[in-house]
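One structure is given below, encoded as structure tokens.
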Amino acid sequence: MAKINVVKSVFEANDAAAGENRRRMEQAGVLGVNITSAPGSGKTLLLEKTIPALGRELRSAVIVGDLQTTRDAERLGGLAVEVVQINTEGGCHLSAGQVSEALNGLVMKDLSFLFIENVGNMVCPAGFDLGEHVRVAMLSVPEGDDKVAKYNTLFQPADVILLNKIDLTDVLGYDTSRVRDDLSRINTRAPLIELSAKTGRGMDEWINWLRTRRSQQNA
Ligand code: MG
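Here the sequence shown is numbered in the working numbering, starting from 15 and rising by one per residue.
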């Protein structure tokens with residue numbers, strides 16, 4: 015019984031901090047975007063291509079979670095207004111408390127988007143609300159076309175699902191219809207956007223989706 019209470023209180027504390035993060039971003043007119051995926055599916059490259067594509071009038075900051083290193087923050091440093099790297103030192107997801115601390119050091123005035131690149135992991139980040147307004151779940155072609163069904167908890171809470179590295183479908187014999195079929199049972203609310211951050215294919219649809227969500231928030 016005691017064990018159940020401990021687990022419950024971790025989620026309650028996280029949810030309280032997440033609610034506060036959401037309010038702080040809303041007050042500043044900032045859309046919080048939590049990006050979840052496996053390691054190596056292309057979260058950092060997606061952001062490297064997304065931030066400039068949003069245009070100069072829509073400014074972005076990034077919070078990057080990794081177990082170790084500042085490599086992703088260095089890649090994004092020239093593109094975002096501000097980048098905060100959080101090293102979780104073994105932790106397999108970001109928490110709302112960590113995002114809250116990062117927000118303390120960010121100037122949110124004049125920002126439009128706060129992208130949160132979560133720790134690359136298809137299990138742990140799923141249950142932790144960071145205070146984002148939209149949850150992105152990404153998968154990429156080299157991971158295989160069975161991942162939506164296997165890691166359903168990552169895809170269930172997503173507001174949009176990105177299928178990255180679409181330029182590799184033919185060479186790897188990837189069956190996109192399998193992903194669509196699995197999503198029809200797991201999440202019919204979120205659109206599936208097929209794209210390649212590397213070649214730029216499909217990026218317009220993703221950028222338009224982000225712009226629409228931001229304008230709905232500030233309507
Ligand atoms: Mg990364």
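Ideal placement from N, C-alpha and C gives every residue a C-beta, glycine not left out. Predicted model, so just to flag it, every value in this text is computed and none were measured.
What does residue i pair with, by DSSP beta-bridge criteria?
i, result
"S74", "F127"
"Q99", "V78"
"N118", "In the DSSP output, where bridge partners are listed per residue, N118 has none listed."
"T50", "A151"
"L68", "Answer is none; L68 lacks a bridge partner."
"V174", "V150"
"I207", "L176"
"L45", "F127"
Given a threshold of 16 other Cβ atoms within 10 Å of its Cβ, counted over all protein chains shown, does residue i qualify as buried or as exposed?
i, result
"D12", "This structure does not reach residue 12, given that the chain is present from 15 up to 233, and the question cannot be answered."
"P139", "buried"
"S55", "buried"
"G104", "exposed"
"T58", "buried"
"K179", "buried"
"S210", "buried"
"A27", "exposed"
At the level of alpha carbons, what is the spacing between residue i and residue j?
i, j, result
"T64", "S23", "36 Å"
"S191", "I207", "13 Å"
"D29", "M39", "15 Å"
"K212", "N118", "33 Å"
"L93", "L182", "27 Å"
"N232", "V44", "9 Å"
"R215", "S109", "32 Å"
"F127", "V185", "35 Å"
"N166", "A67", "30 Å"
For residue i, which residues of its own chain have a beta-carbon under 6 Å away from its beta-carbon, when the five flanking residues on both sides are left out?
i, result
"Q99", "V78, T84 and A87"
"K11", "Residue 11 lies beyond the range of the chain shown here (15 to 233); nothing can be said about it."
"G111", "A31"
"E96", "A75 and L120"
Residues in the same chain with beta-carbon distance under 8 Å from residue i, minus the five sequence neighbours each way, listed in chain order, please.
i, result
"Q82", "N101 and E103"
"A172", "T50, R149, V150, A151, N201 and A204"
Spatial neighbours of residue i within its chain, please: CB distance less than 7 Å, with the 5 preceding and 5 following residues excluded, ordered by chain position.
i, result
"V113", "N35, I77, I130, L144 and G145"
"R89", "T58 and E62"
"D196", "V162 and A163"
| task | Under 7 Å from any heavy atom of the ligand MG, by CB: list those residues in chain order, please. | result | Near the ligand MG, meaning a beta-carbon closer than 7 Å to one of its heavy atoms, we find K57, T58, V78, D80, D86, E131 and G134.
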